[in-house]
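In the working numbering, the protein residues as written are 245 to 552. Please read the structure below before turning to the comments.
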Amino acid sequence: MLRTLFVRLSENQTLRGFAERSALGHRVSGRFVAGTEIADAVRATQSVNKAGMSVSIDNLGENVTNPDEARHSAQLYQQILDAIVASQLNANVSLKLTHMGLDVDEQLARDLVSGLVARAAAMQPRGFVRVDMEGSPYTQRTLDFVHELHRAPGNQGSVGAVMQAYLKRSESDVEKLLAEGIRIRLCKGAYKEPASIAFEKKEEVDANYVKLMKILLKSGVYHGLATHDANMIRQAQAFATSEKIARDSFEFQMLYGIRRDLQQSLVKDGWRMRVYIPFGTEWYPYFMRRLGERPANALFVARNMLRS
Ligand code: FAD
């Protein structure tokens, strides 16, 4: 119920406008968002790198409404890739296709994302663009995009997809991605989806996560297991150990500011960990989805607001 409420709140434009402009909003979002500028993301990345973890940098934003906004978003990503090279960061980037104009002009989005993947592929060392997965109206289009980008000459290994374990279709999508050697980030899924296409019970989502995790770890392709769920992590560790899968042949991924204790203990035990660092002025929908995932997060924010 709480999750549904926060997903609905994440879509409320009035609240969004108010929150993103207010000083209070910036303060409370700081726990999960690195700041508003590229320099903030670079600083956060350097500190996470120092702690032995790699990073995926995300410029927050989704559903742009005109071509200029899409071009502006892509330009910011070009600057992030430049910053990764200039500051020698151990980082890649994550982006959303609706932030690149998918709803406005599909060809424009294709051109912009192709430019970013080509830039990443030309980097030394080779860079990588993760295409985040959004709500189910975008699933097929996003997968078509990633397949097409990955097939373009020179792009192999420089672009990857995200699979959501709550979607019933994911197993078949995973097979198609693996058939082309495409890197996958496996997560549970953050949107509100109808029961006709998504598992509703946590046990069912978890069971599908574990099933897909095993397929990914056996595939020989380098994947990311994105979860803060200690139970999922334990099962992945046990499977990797029993199947003699090398610890450097995949990575765990977690969000900036969440379960930092677990992030550090995994690194200490020799597992690979990547932290997803979001930054930017358009933090509201991302922030609301994070609050909905755990009641304690909403309490944390409420306590901070009372302290103001
Ligand atoms: P849950 O079953 O939600 O939670 C298990 C436990 O983890 C909780 O009991 C709690 O201890 C801890 N936990 C979980 N969430 C939080 C939180 N917000 N704050 C504090 N503790 C928490 N979703 C998409 O739909 N598309 C994407 O492209 C996408 N990319 C992601 C990238 C990364 C690196 C990560 C980590 C997540 C991504 N997600 C994405 C979100 C994901 O789908 C889930 O909504 C989110 O990770 C919560 O699920 P969980 O696996 O952590 O487990």
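Ideal Cβ positions, reconstructed from N, Cα and C, are used throughout, including at glycine.
Opposing strand residues paired with residue i [DSSP bridges]
i	result
ASN256	Answer is none; ASN256 lacks a bridge partner.
ARG429	VAL406, GLY468
ALA442	LEU411
ARG374	SER338, GLY404
PHE494	HIS467
Inter-residue CB distance, residue i and residue j (contact presumed, cutoff 8 Å)
i	j	result
SER266	PRO529	No, SER266 and PRO529 are not in contact; Cβ-Cβ is about 16 Å, not under 8 Å.
ASP496	TRP515	Sequence check: residue 496 is Phe here, not Asp. Indeed they touch by this definition, with Cβ atoms about 6 Å apart.
LEU411	ALA451	Incorrect: roughly 14 Å between the Cβ atoms, too far for contact.
LEU555	PHE483	Only positions 245 to 552 of the chain appear in this structure, which leaves residue 555 out of reach.
GLY433	ALA409	6 Å
VAL406	VAL373	The pair is not a contact, with the Cβ atoms about 12 Å apart (cut-off 8 Å).
Proximity of residue i and residue j at Cβ, strictly below 9 Å
i	j	result
THR289	ALA335	yes
VAL375	SER338	yes
LEU360	ALA314	no
HIS472	PHE494	no
SER273	PHE531	yes
ASP347	LEU387	no
VAL286	ALA327	yes
GLU419	ILE459	yes
ALA278	PHE523	yes
ARG427	GLY464	no
MET457	LEU422	no
PRO381	ASP349	no
VAL454	GLN479	yes
LEU320	ILE282	yes
ILE521	ASP302	yes
Contact set for residue i: own chain, Cβ-Cβ below 7 Å, skip 5 residues either direction
i	result
GLN507	MET297, MET498, MET517, VAL519
LEU259	LEU253
MET344	ALA314, SER317, ALA318, ALA353, LEU356, VAL357
ALA542	LEU535
THR280	PHE523, GLY524, THR525
ARG533	PHE250, VAL251, SER254, ALA434
Neighbourhood of residue i by C-beta distance below 8 Å, restricted to the same chain and skipping five residues each side
i	result
SER552	Per-residue confidence for SER552 stands at a pLDDT of 40, beneath the threshold of 50, marking its modelled position as unreliable; the derived number appears in the next sentence. Cβ within range, chain order: LEU268, ARG271.
ASN399	VAL361, ALA362, ALA365, LEU393
GLN322	GLY359, LEU360, ARG363
ARG247	LYS436, GLY536, GLU537
GLU378	GLU306, LYS340, LEU341, THR342, THR386, TYR435
MET367	LEU325, ILE328, VAL329
SER509	none
ARG370	ALA364, GLY401, SER402
GLU415	ASN452, LYS455, LEU456, ILE459
Chain B contact for residue i (CB, 9 Å cutoff)
i	result
GLN323	Note that chain B does not occur in the displayed structure, where there is just one protein chain.
Own chain, CB closer than 6 Å to residue i, minus 5 neighbours either side, in chain order
i	result
ASP284	ALA278, PHE523
Ignoring anything shorter than 4 residues, give me the alpha helix (DSSP H) runs that lie fully in the segment 500 to 524, in order along the chain.
504 to 512
Every unbroken alpha helix (DSSP H) inside the segment 291 to 352 [4 residues or more]:
311 to 330
Starting from the N-terminal side, write out each stretch of the beta strand (DSSP E) that is 3 residues or longer and does not extend beyond the segment 257 to 288.
none
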